[in-house]
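Step one of this worksheet: look at the structure below.
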Amino acid sequence: MEEKKGPGLPARALAAAKRFLKGERPEALKGLKGAWLIISCIGALCVLLTLIFALVGLVSWAGIFAGCAIVLLLLSNLWFRERVTNPILGLGDTARRIADGSYGTLAEKLRDDEIGRFVDAFNDMSVKIGEAGRTQSEFISSVSHELRTPLTAITGWSETLMYDEAIQGDSRRGVEIISCEAGRLTGMVEELLEFTRIRDGRFTLNLEEVDLDSLLEEVAFTYGELLKHDGIELDYEPAEEPLPPVTGDPARIKQVLLNILDNAAKYGRRGKKLELTSGVEGEYVRMSVRDHGPGFAEEDLPHVKERFYKGRGKERGSGIGLAVCDEIVTRHGGRLTTANAEGGGALVSVELPIKTQ
22 MEEKKGPGLP
32 ARALAAAKRF
42 LKGERPEALK
52 GLKGAWLIIS
62 CIGALCVLLT
72 LIFALVGLVS
82 WAGIFAGCAI
92 VLLLLSNLWF
102 RERVTNPILG
112 LGDTARRIAD
122 GSYGTLAEKL
132 RDDEIGRFVD
142 AFNDMSVKIG
152 EAGRTQSEFI
162 SSVSHELRTP
172 LTAITGWSET
182 LMYDEAIQGD
192 SRRGVEIISC
202 EAGRLTGMVE
212 ELLEFTRIRD
222 GRFTLNLEEV
232 DLDSLLEEVA
242 FTYGELLKHD
252 GIELDYEPAE
262 EPLPPVTGDP
272 ARIKQVLLNI
282 LDNAAKYGRR
292 GKKLELTSGV
302 EGEYVRMSVR
312 DHGPGFAEED
322 LPHVKERFYK
332 GRGKERGSGI
342 GLAVCDEIVT
352 RHGGRLTTAN
362 AEGGGALVSV
372 ELPIKTQ
């Protein structure tokens, strides 16, 4: 049985010519690839004519077509930058905003060509990422609120039982463990709620002039007393001179310092000592917390401020404590840095801009 053959080359060429006369462009000449093909063919033709006229001795004509080739090259570069490079750079900027947490950000579509279709697909992806982020925030918020009520009851009853002198020995130790773990879970729930407030744009700062010397002394005294019960010493060294004031939310700054100290006590408890120091560096006030534990693992160090990142250590938290702290410090116009201290231990620093007159 003979195979059915399609139309021959002359027939296809005739059909293409008819479509061209009707104003229909072949698929190969549509969009960016078609425009680039046309420009390339014209450029190649100019170069070919330049060579031909140069070989036959028509130097003036060769010069004309050489000039045309150069002009075409310059114009094609401008066209490529406008139609291809600039839209891709715009997509890169949008991608960076999405990576920084602005989920659902859309890129601007300039033309309905290959780049335009790519922008459509990119925007569709961004919208779906935004929807997934909102679903995640709603779920976390809902679960956190549901956990609050039973945790409050557990904490309250465990504290009540602690005052019952009839409970002694292993039973009392069990009540202490219940109270401690309930407090830890309550802290994780509060971190989750804080995270959802930041994600949903419900996070606010009550800005005022902040006396950091008084705030640091309060933090050191309050948390230092709590650490004594765990056998950990908090060494606070005030700055040699009074710290300049900063503009910020004192409650949020205190929240950041307490969170960092809590992490240091949790992960560096083997060192039995924490250090809280402060000073001025350039246009910033720097407050640092150092522990004498194992420090950050080198593979964890670049990621410890990422949301939901958990290191490989034995102690496991929610993975959002430092991420929330970093967001709060950033909202103050400052920066939060993490490093391993010389001599061992983790070093976490908060830098806030000095108040300008």
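FYI, the numbering used here numbers position 281 of the sequence shown as 302, with every residue one higher than the one before it. Every residue gets a Cβ at the ideal spot worked out from N, C-alpha and C, and that includes glycine.
Can you tell me the Cα-Cα spacing of residue i and residue j, whole angstroms?
| i | j | result |
| --- | --- | --- |
| E229 | P266 | 10 Å |
| I188 | W178 | 13 Å |
| T359 | D251 | 25 Å |
| I349 | L168 | 24 Å |
| V92 | I63 | 12 Å |
| T176 | E212 | 17 Å |
| T217 | Y124 | 14 Å |
| F86 | L70 | 7 Å |
| F139 | L131 | 11 Å |
| K376 | R356 | 15 Å |
| L278 | G365 | 21 Å |
| D134 | R155 | 32 Å |
| S192 | L172 | 20 Å |
| T207 | A174 | 11 Å |
| Q276 | L99 | 53 Å |
| L264 | R102 | 51 Å |
| Y257 | E239 | 11 Å |
| I253 | G314 | 12 Å |
| V77 | L96 | 29 Å |
| D270 | L237 | 14 Å |
| L233 | R104 | 53 Å |
| E320 | R194 | 37 Å |
| D141 | V80 | 50 Å |
| P323 | R117 | 18 Å |
| G190 | I198 | 13 Å |
Could you tell me which of the options sits nearest to residue i, measuring between CA atoms?
| i | options | result |
| --- | --- | --- |
| T181 | T170, C346, S200, G64 | S200 |
| E215 | I59, A128, C346 | C346 |
| I119 | L373, F143, L66, S81 | F143 |
| G300 | Q276, K275, A260 | A260 |
| A203 | T170, I253, E262 | T170 |
| R328 | E319, R220, E238, H353 | R220 |
| S163 | V210, L110, E320 | V210 |
| G111 | P315, L127, A90, Q276 | L127 |
| S158 | G122, T106, I136, E129 | G122 |
| A90 | K293, V231, C67 | C67 |
| I274 | E302, T225, E262 | T225 |
Within 10 Å of its beta-carbon, does residue i have 16 or more other beta-carbons around it, so buried, or fewer, so exposed?
| i | result |
| --- | --- |
| E296 | buried |
| R223 | exposed |
| K149 | exposed |
| S235 | exposed |
| H166 | exposed |
| S147 | buried |
| A153 | exposed |
| I109 | exposed |
| D185 | exposed |
| V231 | buried |
| T351 | exposed |
May I ask you to report which of helix, strand or coil DSSP gives residue i?
| i | result |
| --- | --- |
| D185 | coil |
| T126 | coil |
| K65 | Looking at the sequence provided, one finds Ala at residue 65 rather than Lys. The answer is helix: DSSP assigns A65 an H, G or I state. |
| M22 | At M22, the pLDDT of 45 sits below 50, so the modelled position is not reliable and the matter cannot be decided from this model. |
| T225 | coil |
| E362 | Correcting the residue identity first, residue 362 is Ala in this sequence and not Glu. Looking at A362 - three-state DSSP - the assignment turns out to be coil, as it is neither helix nor strand. |
| R328 | coil |
| E238 | helix |
| A367 | strand |
| E304 | coil |
| L255 | strand |
| L264 | coil |
| P7 | Since the first residue shown for the chain is 22 and the last is 378, residue 7 is missing from the structure and cannot be characterised. |
| D191 | helix |
| L373 | strand |
| E320 | coil |
| R205 | helix |
| R273 | helix |
Might you give, ordered along the chain, the residues of its own chain that have their beta carbon closer than 7 Å to the beta carbon of residue i, omitting 5 neighbours on each side?
| i | result |
| --- | --- |
| L255 | A241, Y244, G245, L248, L295, L297 |
| G342 | E212, N280, N284 |
| A83 | T71, F74, A75 |
| F317 | V325, T359, N361, A367 |
| P374 | V267, E304, Y305, G354, G355 |
Between residue i and the rest of its own chain, which residues show a CB-CB distance below 8 Å, the 5 nearest in sequence each way excluded?
| i | result |
| --- | --- |
| A272 | N227 |
| L94 | G64 |
| V196 | S179, L182, M183, I188 |
| T115 | T126, L127, A128, F143, S147 |
For residue i, which residues of its own chain have a beta-carbon under 6 Å away from its beta-carbon, when the five flanking residues on both sides are left out?
| i | result |
| --- | --- |
| V369 | I281, V310, T359 |
| E372 | Y305, R307, G355, R356 |
| G137 | K130 |
| I161 | L213, T217 |
| D312 | A285, G289, G292, L295, G366, A367 |
Regarding residue i and the ligand ZN, is the C-beta to nearest heavy atom distance less than 7 Å?
| i | result |
| --- | --- |
| W100 | Summarising the ligand content, the structure contains no ligands, and the ligand ZN is consequently not present. |
Are the C-beta atoms of residue i and some chain D residue less than 8 Å apart?
| i | result |
| --- | --- |
| D121 | This model lacks chain D altogether, as it is built from one protein chain only. |
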